[in-house]
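K.L.:
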Amino acid sequence: MGVNGIERGDILILVGTRKGGFILSSDESRKDWRLSGPFNDYGNVFHMVYDSRNGGTALAAVNSEIWGSGVQVSHDLGATWSDAESNPKMSDGVGQTVSQLWHIEPGRESEPGTLYMGAAPASLFRSHDWGMTWEQWSSLTLHPTRQRWEPGLGGLCLHSMVLDPETVSRMWVGISAVGVFRTADSGETWEPVNQGVRADFAPEPFPEFGQCPHKMLSHPTKPEMLYQQNHCGFFRSDNGGDQWLDLSEGLPSRFGFVVGLHPRDPNTVYVLPEDNATIEDVGGWRRYVSDAKMRVYRSRNGGLDWEPLINGLPQKNAYIHVMREGMATDEFDPCGIYIGTTSGEIFHSRDEGESWSVMIEHLPPINSVEVGIAR
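So for the sequence shown, the working numbering puts the first residue at 54; every next one is plus one.
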């Protein structure tokens with residue numbers, strides 16, 4: 054057996070929780086799973102990823118009320134971990150400090166060694182040495198609209214990044230509760246791209262910025278098509294964010310956090326609606342799956358039509374909440390879907406959502422779920 058019982062070619066499920074990180078591994082059958090961890094259990098792991106570009110590196114964004122925020126790196130599938138040589142830090146003159154690390158995004162195949170980090174308060178960092186040192190992109194932090202940015206309930210966090218795989222100079226970020234911003238010049242300048250996205254909680258229903266995206270993704274085969282689950286609905290853009298379409302009709306709630314994409318079909322998308330938490334519903338702020346029934350919704354036509362997927366999912370007393378990084382899909386055929394909950398379960402489908410089972414339970418509250426293949 055390999056490190057932690059993991060063999061080359063095994064599928065990896067990297068799980069970030071409030072009490073460290075875990076790795077689940079299986080062969081391509083995805084039937085029997087081995088658990089290793091917890092890793093870095095001194096802190097709250099907001100996000101874990103596996104970067105396969107250099108033979109396999111696991112990275113964790115760890116936040117601790119005592120030790121602060123830092124990046125942990127493992128080159129042996131979690132057997133050992135090391136601190137980054139220098140963690141993300143605000144540039145001199147910005148006048149702020151990093152409070153939380155939210156999201157790690159491995160760079161494109163064309164930029165080996167490069168990774169990106171989203172942090173709070175609303176800041177973006179980049180590494181050119183596989184995560185060991187980090188530099189800030191201060192152009193976003195110093196954006197002309199910055200003084201008017203307001204935090205969401207989870208803080209002023211940059212939690213989503215989409216890299217254009219074809220045009221290296223272009224990327225998108227999602228910030229709560231600021232909206233989506235795009236750069237076309239490698240981060241020299243940024244523009245808000247939120248036309249058509251609602252902000253029901255704001256004085257102006259469709260502002261230039263001030264929306265609250267919860268999660269944003271794009272399919273690598275169709276980078277112009279962006280999806281976002283927003284506080285106020287589910288949206289799709291077909292032109293790189295210039296205009297967004299509201300595709301919430303047919304869902305039991307406009308509210309939710311997660312988005313999942315089919316690995317080969319950019320029009321197949323998965324969401325998990327939750328009961329809304331709006332000003333009109335102050336008595337609630339429930340944030341659990343709609344009607345306490347766990348129903349994953351799938352669209353095969355880019356969000357125009359939705360179908361509920363419930364076989365094997367709890368349909369009674371399911372007071373389940375899933376964080377924004379809590380859904381992932383693998384690249385097998387048929388593709389697998391993984392959903393981690395704040396009550397410590399991971400629900401798993403091996404047939405594109407047609408049927409579900411509990412992969413594991415009793416983990417600490419889950420922040421994130423990501424998929425990798427062991428190298």
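Cβ coordinates follow ideal geometry from the N, Cα and C atoms, glycine included. Keep in mind that this is a model prediction, so the values were computed, not measured.
To the nearest angstrom, how far is it from the Cα of V151 to the Cα of M143?
P.N.:
6 Å
K.L.:
Applying the 10 Å Cβ sphere with the 16-neighbour rule, what's the burial state of Y372?
P.N.:
exposed
K.L.:
Using only the alpha-carbon positions, how far apart do I332 and D253 sit?
P.N.:
Per-residue confidence for I332 stands at a pLDDT of 44, beneath the threshold of 50, marking its modelled position as unreliable; the derived number appears in the next sentence. Distance between the alpha carbons of I332 and D253: 9 Å.
K.L.:
For the beta strand (DSSP E) holding T167, just list the boundary residues, first then last.
P.N.:
Here T167 belongs to no beta strand (DSSP E), and DSSP marks it neither H nor E.
K.L.:
Given 7 Å as the limit, tell me if H156 has its C-beta closer than that to any heavy atom belonging to the ligand FAD.
P.N.:
Among the components modelled here there is no ligand, and therefore nothing to report on the ligand FAD.
K.L.:
Quick one: what does DSSP say I332 is sitting in, helix, strand or coil?
P.N.:
No answer about I332 holds up, because its pLDDT of 44 lies below 50 and its placement is not dependable.
K.L.:
Can the beta-carbon of V250 be found less than 8 Å from the beta-carbon of N283?
P.N.:
yes
K.L.:
Taking DSSP as the reference, what is the three-state secondary structure of Q200?
P.N.:
In the structure shown, Q200 sits in a helix (DSSP, three-state: H, G or I).
K.L.:
Mapping the DSSP letters down to three states, classify T321 as helix, strand or coil.
P.N.:
coil
K.L.:
Who are the near neighbours of T236 in its chain, counting only those whose CB is closer than 7 Å to its CB and skipping five residues on each side?
P.N.:
Closer than 7 Å at Cβ, skipping near neighbours: R223, M224, T242, W243.
K.L.:
Mind checking who N283 pairs with in its DSSP beta bridge?
P.N.:
N283 pairs with P266, G286.
K.L.:
Do N116 and G96 come within 8 Å of each other at the CB atom, strictly closer than that value?
P.N.:
yes
K.L.:
Could you round the C-beta distance between G406 and I399 to whole angstroms and report it? I think they count as a contact, below 8 Å.
P.N.:
With a Cβ gap of about 15 Å, G406 and I399 do not count as contacting.
K.L.:
When you compare the CB positions of H100 and W155, do they come within less than 8 Å of one another, or not?
P.N.:
yes
K.L.:
Is the beta carbon of S421 closer than 8 Å to that of G123?
P.N.:
The answer is no: Cβ separation not under 8 Å.
K.L.:
Spatial neighbours of T167 within its chain, please: CB distance less than 6 Å, with the 5 preceding and 5 following residues excluded, ordered by chain position.
P.N.:
G160, H181
K.L.:
Kindly give me the distance between the Cβ atoms of M347 and P319, rounded to whole angstroms, as I take these residues to be in contact under 8 Å.
P.N.:
M347 to P319, Cβ: 25 Å. No contact.
K.L.:
Express the C-alpha separation of G365 and A113 in angstroms, rounding to a whole number.
P.N.:
31 Å
K.L.:
Evaluate E11 with the Cβ neighbour count: other Cβ atoms within 10 Å of its Cβ, from every protein chain shown; 16 or more gives buried, anything less gives exposed.
P.N.:
Residue 11 falls outside the range modelled here, since the chain spans only 54 to 428, and no answer is possible.
K.L.:
Along the alpha helix (DSSP H) that carries L193, what are the first and last residues, could you check?
P.N.:
191-194
K.L.:
Considering only the alpha carbon of each residue, which of A345, G232, R61, V311 lies closest to R351?
P.N.:
V311
K.L.:
By the 10 Å Cβ neighbour count, where 16 or more other Cβ atoms means buried, how is P197 classified, buried or exposed?
P.N.:
exposed
K.L.:
Under DSSP, the beta strand (DSSP E) around T110 begins and ends at which residues?
P.N.:
Element bounds for T110: 110-117.
K.L.:
Going by DSSP, what residues sit across from W183 in a beta bridge?
P.N.:
None, per the DSSP bridge assignment.
K.L.:
Under 6 Å Cβ to Cβ from A381, same chain only, skipping five residues before and after it: list those, please.
P.N.:
Y391, V422, E423, V424
K.L.:
Could you check the C-alpha separation between V147 and S343 for me, to the nearest Å?
P.N.:
41 Å
K.L.:
Find out if the Cβ-Cβ distance for the pair G389, S402 is shorter than 8 Å.
P.N.:
A contact, by the Cβ cut-off of 8 Å.
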